[in-house]
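Reminder that position 170 of the sequence shown reads as 170 in our numbering, one-by-one numbering, no gaps.
The block underneath contains the structure these notes are about, expressed in structure tokens.
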Amino acid sequence: MKVYLDNAATTKVDPRVLKVMLPYFSVNYGNASSIHTMGQENFNVLTDCREKVAKILGADSRGIIFTSSATEANNYLIKGIARANRKKGDHVIISAIEHPCVRESARQLEKEGFRVSIVPVNYEGLVEISELEKLIDKKTVLVSVMMVNNEIGTIQNISELVKLAKKYGTYFHTDAVQAVPYLKIDIKELGVDALSLSAHKFGGPKGVGLAYLNPAVYAEPLIIGGGQEEGKRAGTYNLPGIVGMTSALEIAYKERSEYVKRVKKLRDRLWDGLKKNLPDIQVNGSIKERVPANLNVMFGYVEGEAILIDLSYKGIFVSTGSACSATNLKASSVLAAIGLSKHFLNSNIRFSLGKETTEKEIDYTIKMVTETVGRLREFSPVSKL
Ligand SMILES: Cc1ncc(COP(=O)(O)O)c(C=O)c1O
1 MKVYLDNAAT TKVDPRVLKV MLPYFSVNYG NASSIHTMGQ ENFNVLTDCR
51 EKVAKILGAD SRGIIFTSSA TEANNYLIKG IARANRKKGD HVIISAIEHP
101 CVRESARQLE KEGFRVSIVP VNYEGLVEIS ELEKLIDKKT VLVSVMMVNN
151 EIGTIQNISE LVKLAKKYGT YFHTDAVQAV PYLKIDIKEL GVDALSLSAH
201 KFGGPKGVGL AYLNPAVYAE PLIIGGGQEE GKRAGTYNLP GIVGMTSALE
251 IAYKERSEYV KRVKKLRDRL WDGLKKNLPD IQVNGSIKER VPANLNVMFG
301 YVEGEAILID LSYKGIFVST GSACSATNLK ASSVLAAIGL SKHFLNSNIR
351 FSLGKETTEK EIDYTIKMVT ETVGRLREFS PVSKL
């Protein structure tokens, strides 16, 4: 049996999405910037995608900028907004649990002379407004706090944080990559100036993302060249990718409520089963303010990597957290930020369920995890202390 429980890392392209993308590779392949009709027809498709995406996200379509990834969108929005508004101030705030592409963008700004503050999170992974208030000042150009954390699934109260930022005239960016398809995103309602998304996290293709930037705000471009995206992001339009992302976003929101209900039930079944079978385990992060497909579990006395590898041989694919990837075996900074004791920092597994997850797969996973953890604990020197 093959069980894919790593949907927060990437998702399978929805076959309906693939179908609408295909003609743009080999039939309607004209460059959307070309003046001839093949180009102009595709420019109209591009405009149509921009409007559809903007409508779903409750945004002004002039603020939608298509990118190659959320990594690019985050780099562009964070560095671009800060650099373009240097006269306003030299201070940037990010949360302690941001994705590496946000953290590294902030670090780059620090090298350029910006002051960077890290707002801590509580044990559930939530940024408390009082903590942000301690750090923000009139020189704060930008605050960046992710909407949903990729490791522990914590959902932040973005609109509350935005209200505070507005009092100081500070721009607000949110990395919303892990929010789709779980949360409704209404950019106007949220009040954010900037937001990032990535198609491959919600049934779209890899290599395409989106940056939203309030049209009244200027950000220095990251990629310059042919003047596409009104000079905000150069490079030939990736029309198959953009068409695919638009279709995936439409499907995600059409099917959201039914999917959220189903996946939450399966996630709860997984947790109930593990809890029943295994002592000394706990959920990392908030139980309540959490996206329904995420379950991040600390298994006392065993290494997360050992569990992951053993499960992988059993056909179950999970993750130990994004900081701990195949090429980088550092303990998770997210779990450290929520205060997990250093003895438990390497004992965690992230299960991220998806559209195709079934009850049978969950039951198989409960059985295999129980077997794996039980066996590893038999060899663990600390489990017998
Ligand atoms: C929260 C978050 N931000 C940004 C990214 C980067 O997205 P992309 O794969 O499109 O570069 C990821 C992907 O893991 C993510 O989970």
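Here a beta-carbon is modelled for each residue, glycine too, at the ideal position from N, C-alpha and C.
Because the structure is a prediction, the values reported are computed rather than measured.
Task: Exposure of M316, with buried meaning 16 or more beta-carbon neighbours within 10 Å - done: For the purposes of this step, residue 316 is identified with residue 316 of the sequence shown, where counting begins at 1. According to the sequence shown, residue 316 is Ile rather than Met. Its Cβ being crowded by 16 or more others within 10 Å, I316 is buried.
- [ ] Determine the direct distance from the alpha carbon of G374 to that of G58, and round the result to whole angstroms.
- [x] Reading the sequence shown from its first residue, position 58 is the one you call residue 58. Reading the sequence shown from its first residue, position 374 is the one you call residue 374. C-alpha separation (whole angstroms): 48 Å.
Open item on the list: Using a Cβ-Cβ cutoff of less than 7 Å, which residues in the same chain neighbour E128 once the five nearest sequence positions on both sides are dropped?
Closed with: Against the sequence shown, residue 128 aligns to sequence position 128. Contacts found: N122.
TODO: Output the distance between the C-alpha atoms of N214 and E220, rounded to the nearest integer angstrom.
DONE: Indexing the sequence shown from 1 puts residue 214 at position 214. Indexing the sequence shown from 1 puts residue 220 at position 220. Cα to Cα, N214 sits roughly 13 Å from E220.
- [ ] Below 7 Å CB to CB, which residues in the same chain sit around D6 once its five sequence neighbours on both sides are set aside?
- [x] Position 6 of the sequence shown holds residue 6. By the criterion of a C-beta distance shorter than 7 Å, D6 is surrounded in its chain by F317, V318, S319, S352, once the five residues flanking it on both sides are discounted.
Open item on the list: If I follow the unbroken alpha helix (DSSP H) through I118, where does it start and stop?
Closed with: Residue numbering aside, residue 118 sits at position 118 when the sequence shown is read from its first letter. Looking at the DSSP string, I118 is not in any alpha helix (DSSP H); the run it does join, the beta strand (DSSP E), is 115-119.
TODO: Look at the Cβ atom of V291, then the Cβ atom of Y182, and state whether they are nearer than 8 Å.
DONE: As a first step, residue 291 is located in the sequence shown; it is residue number 291 there, counting from the start. As a first step, residue 182 is located in the sequence shown; it is residue number 182 there, counting from the start. Result yes, Cβ atoms of V291 and Y182 sit closer than 8 Å.
Task: Range covered by the beta strand (DSSP E) that runs through T174 - done: In the sequence shown, residue 174 corresponds to position 174, counting from 1. First-last of the beta strand (DSSP E) with T174: 171-175.
Open item on the list: Going by DSSP, what residue range makes up the alpha helix (DSSP H) through L311?
Closed with: Residue 311 sits at position 311 when you count from the first residue of the sequence shown. Counting along the chain, the unbroken alpha helix (DSSP H) around L311 starts and ends at 304-313.
Task: Per-residue burial, M1 [other beta carbons within 10 Å of its own, 16 or more giving buried] - done: Residue mapping note: residue 1 aligns to position 1 of the sequence shown, counting from 1. Exposed, because fewer than 16 other Cβ atoms sit within 10 Å of the Cβ of M1.
TODO: Give me the Cβ distance between S144 and E98, rounded to the nearest whole Å; I'm assuming they're in contact under 8 Å.
DONE: Numbered from 1 along the sequence shown, position 144 holds the residue referred to as residue 144. Numbered from 1 along the sequence shown, position 98 holds the residue referred to as residue 98. That pair is a contact at about 7 Å.
Open item on the list: Measuring only the C-alpha atoms, how far is E305 from V283?
Closed with: What you label residue 305 is simply residue 305 of the sequence shown in a count that begins at 1. What you label residue 283 is simply residue 283 of the sequence shown in a count that begins at 1. Spanning the two alpha carbons is a distance of roughly 17 Å.
Open item on the list: Given a cut-off of 8 Å on the beta-carbon distance, is the pair N44 and N28 in contact?
Closed with: Counting from 1 along the sequence shown, the entry for residue 44 is found at position 44. Counting from 1 along the sequence shown, the entry for residue 28 is found at position 28. In this structure, N28 does not lie closer than 8 Å to N44 by Cβ.
Task: CA-to-CA distance, K355 to K201, given in whole angstroms - done: Along the sequence shown, one-based indexing puts residue 201 at 201. Along the sequence shown, one-based indexing puts residue 355 at 355. So the two alpha carbons sit approximately 11 Å from each other.
Task: Per-residue burial, G226 [other beta carbons within 10 Å of its own, 16 or more giving buried] - done: For the purposes of this step, residue 226 is taken as the residue at position 226 of the sequence shown. Exposed.
Open item on the list: Shorter than 7 Å, the distance from the beta carbon of V108 to the closest heavy atom of ligand 1, or not?
Closed with: Locating residue 108 in the sequence shown gives position 108, where the first residue counts as 1. Here residue 108 turns out to be Gln, not Val, going by the sequence shown. Flag unset: Cβ of Q108 not near ligand 1.
Task: I281 versus A293, M298, D272, residue with shortest Cα-Cα distance - done: If you number the sequence shown from 1, residue 281 lands on position 281. That would be M298, whose Cα lies nearest to the Cα of I281.
Task: Which of helix, strand or coil DSSP assigns to V27 - done: Taking the sequence shown and counting its residues from 1, one reaches residue 27 at position 27. Looking at V27 - three-state DSSP - the assignment turns out to be coil, as it is neither helix nor strand.
Task: Contact the stretch 363-377 vs the stretch 267-282: 3+ CB pairs below 8 Å - done: Yes, they touch.
Task: Own chain partners of K87 with C-beta closer than 7 Å, once the 5 adjacent residues on each side are dropped - done: Numbered from its first residue, the sequence shown carries residue 87 at position 87. Excluding positions up to five away in sequence, the list is empty.
Task: Reference Y301, options D363, R377, S286, N294, closest by Cα - done: Taking the sequence shown and counting its residues from 1, one reaches residue 301 at position 301. Closest by alpha carbon: R377.
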